[in-house]
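Below is one structure, written out as structure tokens, with a few remarks after it.
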Amino acid sequence: MAERDAYGEEQQDRERFVVRILLALVILAAILLALGWRLSGLQVGAHSHFTTLSENNRLRVEPIAPTRGVIRDRNGVLLAGNRASYQLEVTVEQAGDLDSLLARLRGYVELSEADVERFRRGVRQRRPFQPVLLKAGLDDETVARIAVSRHELPGVEIEARPLRFYPLGSKFSHAVGYVGRINQQDLQRVDGRAYAGTSHIGKSGVERYYEELLHGRPGYRQVEVNAQGRVIRELSVTPPQPGTDLTLTLDVNLQQAAYRALAGRDGAIVAIDPNNGEVLALVSAPGFDPEAFVHGISQGDFAAVRDDKRRPLFNRALSGQYPPGSTIKPLVGLAALNEDVTTAEREMFARGYYQLPGHERRYRDWRREGHGRVDMSRAIAVSSDVYFYDLAHTMGIDRMVPILGAFGIGQRTGIDSTGERAGILPSRDWKRATHDEVWFPGETLITAIGQGYMLSTPLQMADFTAALAVRGERYQPHLLRAMDNGTGEPEYPLPVKREPVTVDAKHWDAIHGSLVEAVHARHGTAWGSVGSTRPEYTIAGKTGTSQVFSLGEDEEYDEDELARRLWDHALFVGYAPAEDPRIAVAVLVEHGGSGGRVAAPVAREVLDAYLLEGAGMTLEVPEDE
Amino acid sequence: MISVTGREMSISQWALRSLRLDSVLLVLLSILLLLGLAVLFSATGESVIALERQVMRIGLGVTAMLLVAQVSMYALRAISPWLFVAGVLLLLAVMWVGDVGKGAQRWLDLGFMRFQPSEIMKLAVPMMVAWYLSLRSGRPRFRDLVVTAALILVPVYLIMQQPDLGTSMLVGAAGFLVVFLAGLGWRWFLGLGVVAAAAIPVLWSQMLDYQRQRVLTLFNPESDPLGAGYHIIQSKIAIGSGGLYGKGWLNGTQSQLEFLPERSTDFIFAVYAEEFGFIGVALLLLLYFAIVARGLWIAALAQDRYARLLGGSISLTFAVYMVVNIGMVTGLLPVVGVPLPLVSYGGTSLVTLMVAFGILMSIASQKRLVNR
Chain A
1280 MAERDAYGEE QQDRERFVVR ILLALVILAA ILLALGWRLS GLQVGAHSHF
1330 TTLSENNRLR VEPIAPTRGV IRDRNGVLLA GNRASYQLEV TVEQAGDLDS
1380 LLARLRGYVE LSEADVERFR RGVRQRRPFQ PVLLKAGLDD ETVARIAVSR
1430 HELPGVEIEA RPLRFYPLGS KFSHAVGYVG RINQQDLQRV DGRAYAGTSH
1480 IGKSGVERYY EELLHGRPGY RQVEVNAQGR VIRELSVTPP QPGTDLTLTL
1530 DVNLQQAAYR ALAGRDGAIV AIDPNNGEVL ALVSAPGFDP EAFVHGISQG
1580 DFAAVRDDKR RPLFNRALSG QYPPGSTIKP LVGLAALNED VTTAEREMFA
1630 RGYYQLPGHE RRYRDWRREG HGRVDMSRAI AVSSDVYFYD LAHTMGIDRM
1680 VPILGAFGIG QRTGIDSTGE RAGILPSRDW KRATHDEVWF PGETLITAIG
1730 QGYMLSTPLQ MADFTAALAV RGERYQPHLL RAMDNGTGEP EYPLPVKREP
1780 VTVDAKHWDA IHGSLVEAVH ARHGTAWGSV GSTRPEYTIA GKTGTSQVFS
1830 LGEDEEYDED ELARRLWDHA LFVGYAPAED PRIAVAVLVE HGGSGGRVAA
1880 PVAREVLDAY LLEGAGMTLE VPEDE
Chain B
6 MISVTGREMS ISQWALRSLR LDSVLLVLLS ILLLLGLAVL FSATGESVIA
56 LERQVMRIGL GVTAMLLVAQ VSMYALRAIS PWLFVAGVLL LLAVMWVGDV
106 GKGAQRWLDL GFMRFQPSEI MKLAVPMMVA WYLSLRSGRP RFRDLVVTAA
156 LILVPVYLIM QQPDLGTSML VGAAGFLVVF LAGLGWRWFL GLGVVAAAAI
206 PVLWSQMLDY QRQRVLTLFN PESDPLGAGY HIIQSKIAIG SGGLYGKGWL
256 NGTQSQLEFL PERSTDFIFA VYAEEFGFIG VALLLLLYFA IVARGLWIAA
306 LAQDRYARLL GGSISLTFAV YMVVNIGMVT GLLPVVGVPL PLVSYGGTSL
356 VTLMVAFGIL MSIASQKRLV NR
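If you're matching them up, the sequences are chains A and B in order. The opening position of the first sequence corresponds to residue 1280 in this note's numbering, with each subsequent residue numbered one higher. The opening position of the second sequence corresponds to residue 6 in this note's numbering, with each subsequent residue numbered one higher.
Structure below.
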């Protein structure tokens, strides 16, 4: 009985067990079906979604930086090129402890605070396995020493990367401009994607103005990467499209001659071909070393350049605004003739000062004793202030302004460079708008001699001188002569004509004559320094002395007693040969003193270099590359 | 000559016959192990060294399985309590002198090898519970429930303290499955369900930060795509991009390019799914189901209650392993660190599983011997 019970219980237990097992199997089958359902949802239902994610994981598009277009002068001399520069790069993933690596590297190469700071910033912003720049511009010896010890420096690599260089350095620093490392502001003015692989961008001058042409278009390579970002293989490549090579209108010889002529003084020289607006020379002195910016200038060095009293970073030729002084007189004279305010022949007696009718104030002439009897031509040649005071008073500001405006005073020329300022052409409207004051008659007088509110840039002065030379034809001043985007057939943009200044032919003759007289007549202001040396060609020109601060009516001006920085700016504008103008030039010597004594000889040197020494002809100059 | 050859053949036949094993289980396990090696080779980036190591472990596991299969069920039953006591003592030892690996104290350094006592408990707990219940008869009563609960929860608690959530869960499941198969009344399940629901907040407070993080990211893996959610996101990408037919063996980009973390261990299923697609996955699930079904079949035919309960528990625990791993890799369950049984790289769990299958084979032979 007990055995049977035990047997029955065993039987019952076994049956219970089998039921439980079957239950478990059913549950397991249900779970497996659920898993299968889930997996089919992932693998079949959402397959394309996950395929996209998987491709995004594994594929990366890397930009290939295009080669920047080079810049040459009109003779083909290289002004801005690219050369391989050795730079030290570190792949952080392979380098181990960075601090100890930097300490070891200091045994091979000098690392400035700025280098290390930039490197650490780069380390934070890099993608995995992307090498980070530590130091650029290594010399051959350093490269050799590091190369020999590479096994001790894991993750350190020396890369040859094309870097901008400027063979003629500071002499062209303002004309050509420079490139520097791209920063956040730069990225706001360009398409960031196009610059993904590019390290440098044009910061000023032609380099900046023609950035889009010079940069070219980046190429891309599609690569497969692993989870660490290391490139496993290359899948496809779209080669970059190199930047366009530019040929400028500048002439190396003329530019260097102009730079030399300034002889270390601060100032600006702009030379333009009046027949087409080509800028032949564009000098602002002192210049600066553009390559310092390419390599990444340190904070200290930058501060030193920025705070230099001589302001080497300031482009005087385009951004410097100066009272044009007496150089404006030919334009005022032309205006008076054109408005029939006077005739070229009418004479007046020019004393040492001028008084408005019913006013006590004396407007002084630069020459205390006056100039005696002068007509228009002589008044310009001797630069009589009193003659022009009288002319201005008769004409009034409203009739003077339009023709000065027609010559471009107060407007940007629109030259293809950066930093150009407009200057100021004062008028009743201008004064009301800017000062909320009425125009005083006395202001008309000093405007006529290029003082007071009037401001002009050296480029503007060269521009109006060019227009003067070719009887009102006005070509857009420009620096770009030709573009070559790799086809081998350079494209020459046509000169752009602007609204001409239309004046009766005889008035041109009168003013031209007066400008020749100013240089070649014994009483001319440029006689002593230029005319008396009997140049081989005829120069038409006008001196100017631009007052930095104004004197009281009875005060005397004594150069020797004044601090040099308060000296007047010396100016000269002119063109030559007078009969068939081929070059117009404007010279500014900051705090140089007298225009006739200081600026005119500088202009003479520039004209000589262009007209006599064969500069300007296309020379065969060996390439620097 | 012929007679000699014939005799030799008869010797080997005799050896095969006298060897106690289950050929169906052996074939199914062999297929799974070979498939696992192929996937592992791909997941380790075609590492021959890893492959050799795994082959050695499999060799060790198969040897252990065959040896255990020769042990009689009576002997296994007799050592069950002692094995359990020894396991608990070793767990306590780990708490005092254990090695720290991956931030958790799980290993005991025996000088010549390191070993994980919690693995013993995967077998010792179901053996102990089966041993206890085989002394009793009929459905488990309240007293049985209290005793078995203590037998299960003490090791589970000790393993959780290491901390090793995955193993403690599996040990608990192995013990619980014995009670379930013994015919625990349904009202007790209801009660257990209530207790379990009440235990959730308690468990939560006992969990370490990394465990809580895993649970939280389960519900929203995208919340931390580069941190805790990275595993799940990359795993789903691998599985999903595999599609119906897969990218082909050795061609899974997610695993070959190392986007998939833990691809040779806990997440090896994703590698398989990426390279062999849904069809491969369905076949793998069928293979697992077949192994479990064979195990349950053996258990159903076992001669006594101990063998029945133990065999059933072993088979179903194996199923739990697989379900938990695949559920976690597909983002249905939290990432608790359970390997894919017999496929994932790693020795201890593989050897334990093979020993368990050795026990199943022993059960199978016992039945055969008795039948004869």
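Backbone N, C-alpha and C define an ideal beta-carbon position, used for all residues, glycine too.
Inter-residue spacing [alpha-carbon to alpha-carbon] between F1296 of chain A and D169 of chain B: Using only the alpha carbons, I get a separation of about 31 Å.
Under 6 Å Cβ to Cβ from V1798 of chain A, same chain only, skipping five residues before and after it: list those, please. The residues are A1805, V1809, G1810, I1818, G1820.
By the 10 Å Cβ neighbour count, where 16 or more other Cβ atoms means buried, how is P79 of chain B classified, buried or exposed? Pro is not the amino acid found at residue 79 of chain B; the sequence shown has Tyr there. In this structure Y79 of chain B is exposed. Its beta-carbon is surrounded by fewer than 16 other beta-carbon atoms within 10 angstroms.
Where P206 of chain B falls, given that 16 or more other Cβ within 10 Å makes a residue buried: Answer is exposed; the Cβ neighbour count stays below 16.
Check whether the Cβ atoms of Q1739 of chain A and G1687 of chain A lie closer than 8 Å to each other. Yes.
Minimum C-alpha distance to L262 of chain B - residue among A:Q1600, A:R1813, A:N1505: For L262 of chain B, the nearest C-alpha among the options comes from A:N1505.
Which residues in chain B have a C-beta closer than 7 Å to the C-beta of E1288 of chain A? List them in chain order. Near E1288 of chain A (Cβ distances below 7 Å), the residues of chain B are S142, G143.
Can you tell me whether DSSP reads L1413 of chain A as helix, strand or coil? DSSP places L1413 of chain A in the strand class (E or B) of the three-state scheme.
Closer than 7 Å at the beta carbon, the chain B residues around A1506 of chain A: Simply L262, E263, F264.
For a quick check, are the C-beta atoms of V286 of chain B and L1318 of chain A less than 8 Å apart? Their beta carbons are under 8 Å apart, which means V286 of chain B touches L1318 of chain A by this criterion.
For I36 of chain B, is the classification buried or exposed, using 16 other Cβ atoms within 10 angstroms of its Cβ as the cut-off for buried? Taking all protein chains shown into account, I36 of chain B has fewer than 16 neighbouring C-beta atoms within 10 Å of its C-beta and is therefore exposed.
Residues near L1724 of chain A in its chain [Cβ-Cβ closer than 6 Å; skip 5 each side]: Closer than 6 Å at the Cβ level, and outside the excluded window around L1724 of chain A, lie Y1642, Y1668, A1671.
Between the region 1677 to 1684 of chain A and the region 1465 to 1472 of chain A, do three or more beta carbon pairs fall short of 8 Å? Segments in contact, no.
Using the C-alpha atoms, what's the distance from A129 of chain B back to W101 of chain B? Distance between the alpha carbons of W101 of chain B and A129 of chain B is about 21 Å.
Going along the chain, which residues of the region 240 to 274 of chain B sit with their C-beta nearer than 7 Å to a C-beta in chain A? Residues are counted here when their Cβ sits less than 7 Å from a Cβ of chain A; for the region 240 to 274 of chain B these are K241, I242, I244, G245, S246, G247, G248, L249, T258, Q259, L262, E263, F264, given in chain order.
Determine the direct distance from the alpha carbon of Y1365 of chain A to that of S1379 of chain A, and round the result to whole angstroms. Whole-angstrom Cα-Cα distance: 23 Å.
Below-8 Å beta-carbon distance, F1408 of chain A vs any chain B residue: It does not; no Cβ of chain B falls within 8 Å.
Please classify S1452 of chain A: is it buried, with 16 or more other beta-carbons within 10 angstroms of its beta-carbon, or exposed? Buried: at least 16 other Cβ atoms inside 10 Å.
How should E1699 of chain A be labelled, buried or exposed, when 16 other C-beta atoms within 10 angstroms of its C-beta is the threshold for buried? Under a 10 Å Cβ-count criterion, E1699 of chain A is classified as buried, with 16 or more other Cβ atoms of the shown protein chains found around its own Cβ.
Tell me whether N1361 of chain A sits in a helix, a strand or coil according to DSSP, three-state version. In the three-state reduction of the DSSP assignment, N1361 of chain A falls in the strand class.
What residue does the beta strand (DSSP E) around K1710 of chain A start on, and which one ends it? No beta strand (DSSP E) contains K1710 of chain A, which is instead part of the alpha helix (DSSP H) from 1707 to 1714.
Less than 8 Å between the beta carbons of G1495 of chain A and V1868 of chain A, yes or no? Not closer than 8 Å, so no.
If you measure from the beta carbon of F117 of chain B to each beta carbon in chain A, is any gap under 8 Å? Note that F117 of chain B has pLDDT 49, beneath the 50 cutoff, so the model's placement of it is unreliable and no number is given.
Throw me the rounded Cβ distance for the L186 of chain B and R1299 of chain A pair, which I believe falls under 8 Å. L186 of chain B to R1299 of chain A, Cβ: 5 Å. Contact.
I need the straight-line Cα distance from G1831 of chain A to A1748 of chain A, nearest angstrom please. In this prediction, G1831 of chain A scores a pLDDT of 47, lower than 50, which makes its location untrustworthy; no coordinate-derived value is stated.
Look at the Cβ atom of G1807 of chain A, then the Cβ atom of F1851 of chain A, and state whether they are nearer than 8 Å. No; because the gap between Cβ atoms is not below 8 Å, this pair is not in contact.
On the three-state DSSP scale, how would you describe S1515 of chain A? Per DSSP, reduced to three states, the secondary structure at S1515 of chain A is strand.
In chain order, what residues of the region 320 to 335 of chain B put their CB closer than 8 Å to some CB of chain A? For the region 320 to 335 of chain B, which is checked against every Cβ of chain A, the residues closer than 8 Å are L321, A324, V328, I331, G332, T335.
Roughly how many angstroms separate the alpha carbons of I160 of chain B and V152 of chain B, rounded to a whole number? The displayed chain sequence assigns Pro, not Ile, to residue 160 of chain B. Distance between the alpha carbons of P160 of chain B and V152 of chain B is about 13 Å.
Based on the DSSP output, what are the partners of M1627 of chain A in its beta bridges? According to DSSP, M1627 of chain A bridges with A:V1653.
Near I1551 of chain A, what residues of its chain come up, given a Cβ to Cβ distance below 6 Å and the 5 sequence neighbours on each side ignored? Within the same chain, I1551 of chain A has close Cβ partners V1558, A1741, A1745, P1756, A1863.
Three-state secondary structure assigned by DSSP to G1792 of chain A: Residue state, collapsed to three classes: helix.
L42 of chain B beta carbon less than 8 Å from that of L56 of chain B: Cβ distance < 8 Å, so L56 of chain B and L42 of chain B count as in contact.
Against chain A, does L30 of chain B count as a neighbour if the rule is that its beta carbon must be under 8 Å from one of theirs? Interface flag for L30 of chain B against chain A is unset, since no Cβ pair is found closer than 8 Å.
Supposed close pair L33 of chain B, I368 of chain B - CB separation, criterion 8 Å: L33 of chain B to I368 of chain B, Cβ: 16 Å. No contact.
Cβ of V1305 of chain A within 8 Å of any chain B Cβ: Under the 8 Å criterion on CB atoms, V1305 of chain A is classed as non-interfacial with respect to chain B.
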